[in-house]
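*Asks:*
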Amino acid sequence: YQNTNGSNNRTAHYYKESYYVRNVVNKFTRADNGLLQVPYGDILEEGSPYKTKSNTFRAQLGYNDKIGSDHQISAIAGSEIREIVRDRQPGYYLYGYDPNTLSGKLTELDVTTSKPVRPGGTEMIPSQFPLESQFNKYTDRFLSYYANASYTYKGRYTVSGSSRWDGSNIFGVKTNQKWQPLWSIGGKWDIDREDFYHSTWVPGLTLRATYGIAGNVANLLSRYASGSVLADRNSGLSYIRVGTVGNPSLKWEETKTMNLAVDFTLKNNRISGSFEWYSKKSYDLLGDDYLAPNTGIITGGTGDKSKKVNYASLKTEGFDLRINTKNLTGELGWNSTILLSTVKNKVTNVYVNPGRRVLEYFGTTSGIPPVTGVSRDMLYATQWWGLDHDSGLPIVFLNGNKITNYQTYMNGIKKEDLVSAGVSVPTMFGSLRNDLYYKNFSLSFLITWKGGHVFRRNSISSGAEWNGTYHMDYFNRWKQPGDEAFTNVPAYRTTFDNQLSTYYNFSNSLIEKGDVVRLQDVSLSYAITRNLIPRLPVERINLVANVRNVGMLWKANSLGIDPDFANAQYVTPRTFALGIQLDF
17 YQNTNGSNNR TAHYYKESYY VRNVVNKFTR ADNGLLQVPY GDILEEGSPY
67 KTKSNTFRAQ LGYNDKIGSD HQISAIAGSE IREIVRDRQP GYYLYGYDPN
117 TLSGKLTELD VTTSKPVRPG GTEMIPSQFP LESQFNKYTD RFLSYYANAS
167 YTYKGRYTVS GSSRWDGSNI FGVKTNQKWQ PLWSIGGKWD IDREDFYHST
217 WVPGLTLRAT YGIAGNVANL LSRYASGSVL ADRNSGLSYI RVGTVGNPSL
267 KWEETKTMNL AVDFTLKNNR ISGSFEWYSK KSYDLLGDDY LAPNTGIITG
317 GTGDKSKKVN YASLKTEGFD LRINTKNLTG ELGWNSTILL STVKNKVTNV
367 YVNPGRRVLE YFGTTSGIPP VTGVSRDMLY ATQWWGLDHD SGLPIVFLNG
417 NKITNYQTYM NGIKKEDLVS AGVSVPTMFG SLRNDLYYKN FSLSFLITWK
467 GGHVFRRNSI SSGAEWNGTY HMDYFNRWKQ PGDEAFTNVP AYRTTFDNQL
517 STYYNFSNSL IEKGDVVRLQ DVSLSYAITR NLIPRLPVER INLVANVRNV
567 GMLWKANSLG IDPDFANAQY VTPRTFALGI QLDF
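For the sequence shown, the numbering used here begins at 17 and goes up steadily by one.
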């Protein structure tokens, strides 16, 4: 049995001498008569206390025995019941707070209406749900039955299996939705233990295979409609804000995974490693469905009318290769670890609202609508035909006809007119870790690589220069006939054209390769032992110097852009660290 309790709270006490208090008081002081609408005194801001309570009970039986010299059996079986309760209470502001009497003004101030503020405009007095009394409480319950067993014959052949039956209170009353059977089966063959195997070049060789079904649950969704009871700031009347509309057909997300692997060791253990191929097929993945506008239910910051349903399937495949080498042994040692991975995915089935706007396919990857038969991480772009020789403006074609009105073009293109520019998430990863040691010195450095993806770089935006915002591409723009031969940056325009900017900034002329090689970290250490200093008061002292995020060694794009921070204001900083480790 395990009981876990956690809490999170934030309290801010602003003294009346602080800038925060002076700013709030001065801002809400009336200019006509000098009346203080906020009392000049301490302000206490109490955040929304958040408490979590978890109770877990598990009962388990185990069996492990060797029968004769050839049979080994291990098995466990058990059950687990778990309840998680999350409780959040509303926070508040106390004005004129007195820490001696623990009192202040909570409801005496008018925080429901906007008031004129200095130097201009209107605002409400800062408050944190003083009238709404919005309490949130979530209870999630899970019940699981599980079993795991393995059988090994002569230390060469191993078969294992596991099963799990999970249930949750967030699903519908139908048993096939509330409960989800999860299972896996696997096998291993230690070929190097066979009597017929006598290889001296590959003394260690093992084959592995597994297949299983896993499930995932979204705790914030339920078959029931949910909402929050709030109070209107102006009228004080209560109302309900719908959070989720509920889904009686809600099911588990399910993933079927197959793994095939080989482990190997070469002569003298100088080289060892593994190669593993995997395939994952996911079903009933959650995504947005659409509700009719007459339901009155609007969710999402953009006003999209949607609800979460099990609506898509996804296939993912890849492999992982790991190679360990002992390059040098002795007083001077050198070990290396090489990792190489690939991963690709494809949407195998999905429902997409046919009324999707083309502009939605230009969003961030997580917001781009999925398309059947295409990677979930696909980046879409408008087709780029170059710049016009005479005007320096982008050339566009719609339905085979050349046009000059970008509003007409953007309103007329369809999803089928877009270019699949490549995936925005790396499909290949690699790393090389080298560890060298000589006497008491050791040096380690890590080189990483990733590629197979693209990114969309930014460029000029029509009208931005009027606000003093100049992109470096502005100086590479088209200026005279013939410039279109070496630049894709449109000519400067004296009039603002938002649709031209949209077409250009989302065109495939701004798509760049994202392949990059980095020197990720370098670490140098020196060990001081009693062999060196016999009267050392501790067993060992390690002096360590480390540098992280050292820098790029190579990148596929020729523009000097770091693909990991293509549109960021700041890159991850290089960090330096010095440390001392004492072993007693």
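Ideal placement from N, C-alpha and C gives every residue a C-beta, glycine not left out.
Between VAL470 and GLY530, how many whole angstroms is the CB-CB distance? I'm expecting something under 8 Å.
*Replies:* On the sequence shown, residue 470 is found 454 positions in, with the first residue counted as 1. On the sequence shown, residue 530 is found 514 positions in, with the first residue counted as 1. About 6 Å separates the two Cβ atoms, so the contact holds.
*Asks:* Below 8 Å between beta carbons: does that hold for LEU535 and GLY576?
*Replies:* As a first step, residue 535 is located in the sequence shown; it is residue number 519 there, counting from the start. As a first step, residue 576 is located in the sequence shown; it is residue number 560 there, counting from the start. Not in contact: LEU535 and GLY576 (Cβ atoms no closer than 8 Å).
*Asks:* Tell me the DSSP bridge mates of GLY243?
*Replies:* As a working mapping, residue 243 is identified with position 227 in the sequence shown. BP columns for GLY243 point to VAL258.
*Asks:* Between ARG564, PHE600 and ASN573, which lies nearest to VAL587 when the distance is taken from Cα to Cα?
*Replies:* As a first step, residue 587 is located in the sequence shown; it is residue number 571 there, counting from the start. Among ARG564, PHE600 and ASN573, the Cα nearest to that of VAL587 is on ARG564.
*Asks:* Just list the residues that DSSP pairs THR353 with in beta bridges.
*Replies:* Within the sequence shown, numbered from 1, the residue matching residue 353 stands at position 337. In DSSP, THR353 forms a bridge with ASN340 and ARG449.
*Asks:* So, is GLY243 buried or exposed, given that buried needs 16 or more other C-beta atoms within 10 angstroms?
*Replies:* Within the sequence shown, residue 243 is the residue found at index 227, counting from 1. When all chains shown are included, GLY243 counts as exposed.
*Asks:* Have a look at LEU395 and ASN369 and give me their C-alpha separation to the nearest angstrom.
*Replies:* Translated into the one-based positions of the sequence shown, residue 395 becomes position 379. Translated into the one-based positions of the sequence shown, residue 369 becomes position 353. If you take the alpha carbons of LEU395 and ASN369, they lie about 19 Å apart.
*Asks:* With DSSP collapsed to three states, give me the class of ASP81.
*Replies:* As a first step, residue 81 is located in the sequence shown; it is residue number 65 there, counting from the start. Here ASP81 sits in strand by DSSP.
*Asks:* Answer with buried or exposed for MET488, where buried requires no fewer than 16 other C-beta atoms within 10 angstroms of its C-beta.
*Replies:* As a working mapping, residue 488 is identified with position 472 in the sequence shown. Looking at its Cβ environment, which holds fewer than 16 other Cβ atoms inside 10 Å, MET488 is exposed.
*Asks:* Below 8 Å on the Cβ atoms is my contact criterion, and I expect GLU270 with SER298 to pass it. Report the Cβ-Cβ distance as a whole number of Å.
*Replies:* Reading the sequence shown from its first residue, position 254 is the one you call residue 270. Reading the sequence shown from its first residue, position 282 is the one you call residue 298. About 7 Å separates the two Cβ atoms, so the contact holds.
*Asks:* So TYR154 is in the beta strand (DSSP E); what residue range does that whole segment cover?
*Replies:* Taking the first residue of the sequence shown as 1, we reach residue 154 at position 138. First-last of the beta strand (DSSP E) with TYR154: 152-169.
*Asks:* Where does the unbroken alpha helix (DSSP H) through PHE413 begin, and where does it stop?
*Replies:* Indexing the sequence shown from 1 puts residue 413 at position 397. It is not in any alpha helix (DSSP H) - PHE413 instead sits in the beta strand (DSSP E) that spans 412-414.
*Asks:* In the stretch 31-83, which residue ranges form an unbroken alpha helix (DSSP H) of at least 4 residues, counting only runs that do not cross its ends?
*Replies:* 35-44, all fully within the stretch 31-83.
*Asks:* So, are the CB atoms of LEU52 and VAL41 less than 8 Å apart?
*Replies:* Residue numbering aside, residue 52 sits at position 36 when the sequence shown is read from its first letter. Residue numbering aside, residue 41 sits at position 25 when the sequence shown is read from its first letter. Yes, the pair counts as a contact, with Cβ atoms nearer than the cut-off.
*Asks:* Short check: CB of SER475 to CB of ASN521, under 8 Å?
*Replies:* Here residue 475 is taken as the residue at index 459 of the sequence shown, counted from 1. Here residue 521 is taken as the residue at index 505 of the sequence shown, counted from 1. Closer than 8 Å, so yes.
*Asks:* Let's see if you can read the secondary structure: which residues bound the beta strand (DSSP E) around GLN585?
*Replies:* As a position in the sequence shown, residue 585 is number 569, starting the count at 1. Looking at the DSSP string, GLN585 is not in any beta strand (DSSP E), and its letter there is neither H nor E.
*Asks:* To the nearest angstrom, how far is the alpha carbon of HIS87 from that of ALA230?
*Replies:* Here the question's residue 87 lines up with position 71 in the sequence shown. Here the question's residue 230 lines up with position 214 in the sequence shown. Rounded to whole angstroms, HIS87 to ALA230 spans 30 Å at the Cα level.
*Asks:* Give me the Cα-Cα distance between PHE600 and ARG590, rounded to the nearest whole angstrom.
*Replies:* Counted from its first residue, the sequence shown places residue 600 at position 584. Counted from its first residue, the sequence shown places residue 590 at position 574. Roughly 32 Å separates the two Cα atoms.
*Asks:* If we ignore side chains and look at the alpha-carbon of each, how far apart do SER220 and ASN326 end up?
*Replies:* What you label residue 220 is simply residue 204 of the sequence shown in a count that begins at 1. What you label residue 326 is simply residue 310 of the sequence shown in a count that begins at 1. According to the sequence shown, residue 220 is Gly rather than Ser. Their Cα atoms are separated by approximately 45 Å.
*Asks:* Measure from the C-beta of VAL587 to each C-beta in chain B and report whether the shortest distance is under 8 Å.
*Replies:* Here chain B cannot be found, since the structure has a single protein chain.
*Asks:* What is the rounded straight-line gap between the Cα of ASN116 and the Cα of GLY107?
*Replies:* Numbered from its first residue, the sequence shown carries residue 116 at position 100. Numbered from its first residue, the sequence shown carries residue 107 at position 91. Those two C-alpha atoms are separated by around 21 Å.
*Asks:* DSSP beta-bridge partners for ILE419?
*Replies:* To locate residue 419, count along the sequence shown from 1; it is residue 403. The partner list for ILE419 (beta bridge, DSSP) reads VAL412.
*Asks:* So, at 7 Å on beta carbons, what are the nonlocal neighbours of GLY595 in its own chain, with the 5 sequence-adjacent residues on each side left out?
*Replies:* As a first step, residue 595 is located in the sequence shown; it is residue number 579 there, counting from the start. So the list reads VAL560, once near-sequence residues are dropped.
*Asks:* Between the alpha carbons of TRP350 and GLY202, how many angstroms are there, rounded?
*Replies:* Locating residue 350 in the sequence shown gives position 334, counting from the first residue. Locating residue 202 in the sequence shown gives position 186, counting from the first residue. Going from the Cα of TRP350 to the Cα of GLY202 covers about 36 Å.
*Asks:* Should GLY450 and PHE457 be called a contact, given that it needs their Cβ atoms to be closer than 8 Å?
*Replies:* Counting from one through the sequence shown, the residue named residue 450 turns up at place 434. Counting from one through the sequence shown, the residue named residue 457 turns up at place 441. Reading off the sequence, residue 450 comes out as Asn, not Gly. No, the pair does not count as a contact, with Cβ atoms beyond the cut-off.
*Asks:* What distance in whole Å lies between the Cβ atoms of GLN399 and VAL435, which are believed to be in contact at a cut-off of 8 Å?
*Replies:* Position 419 of the sequence shown holds residue 435. Position 383 of the sequence shown holds residue 399. 5 Å between Cβ atoms; contact.
*Asks:* Between LYS431 and VAL374, which are expected to be in contact by the criterion C-beta below 8 Å, what is the C-beta distance as a whole number of angstroms?
*Replies:* On the sequence shown, residue 431 is found 415 positions in, with the first residue counted as 1. On the sequence shown, residue 374 is found 358 positions in, with the first residue counted as 1. Right, the Cβ-Cβ distance comes to about 6 Å (below 8 Å), so this counts as a contact.
*Asks:* Using the beta-carbon count (16 or more within 10 Å), is ARG286 buried or exposed?
*Replies:* Working through the sequence shown from its first residue, we reach residue 286 at position 270. Under this definition ARG286 is an exposed residue.
*Asks:* Residues bridged to HIS87 by DSSP?
*Replies:* Indexing the sequence shown from 1 puts residue 87 at position 71. In DSSP, HIS87 forms a bridge with ILE83 and TYR169.
*Asks:* Do you know offhand how far SER200's Cα is from SER70's?
*Replies:* Stepping through the sequence shown from its first residue, residue 200 is reached at position 184. Stepping through the sequence shown from its first residue, residue 70 is reached at position 54. So the alpha carbons of these two residues sit roughly 28 Å apart.
*Asks:* As a quick exercise: from TRP217, SER85 and GLY112, pick the residue whose alpha carbon is nearest that of TYR56.
*Replies:* As a working mapping, residue 56 is identified with position 40 in the sequence shown. Selected option, being the one with the closest Cα: GLY112.
*Asks:* What residue from ALA437, ASP279 and LYS455 has the CA that sits closest to GLU347's CA?
*Replies:* Here the question's residue 347 lines up with position 331 in the sequence shown. The candidate whose alpha carbon is nearest that of GLU347 is LYS455.
*Asks:* Run through the stretch 536-577 for me and flag every whole beta strand (DSSP E) of 3 or more residues, listed as ranges in chain order.
*Replies:* If we require 3 residues or more, the beta strand (DSSP E) runs fully inside the stretch 536-577 come out as 556-571.
*Asks:* Look up VAL374 in the DSSP assignment and say whether it is helix, strand or coil.
*Replies:* Counting from 1 along the sequence shown, the entry for residue 374 is found at position 358. Correct three-state label for VAL374: helix.
*Asks:* With respect to the alpha helix (DSSP H) encompassing LEU282, which residues constitute its N-terminal and C-terminal limits?
*Replies:* By 1-based counting over the sequence shown, the position of residue 282 is 266. That residue, LEU282, is in no alpha helix (DSSP H); it is neither H nor E in DSSP.
*Asks:* Are the CB atoms of VAL538 and TRP465 nearer to each other than 8 Å?
*Replies:* Numbered from 1 along the sequence shown, position 522 holds the residue referred to as residue 538. Numbered from 1 along the sequence shown, position 449 holds the residue referred to as residue 465. No, they are not a contact pair.
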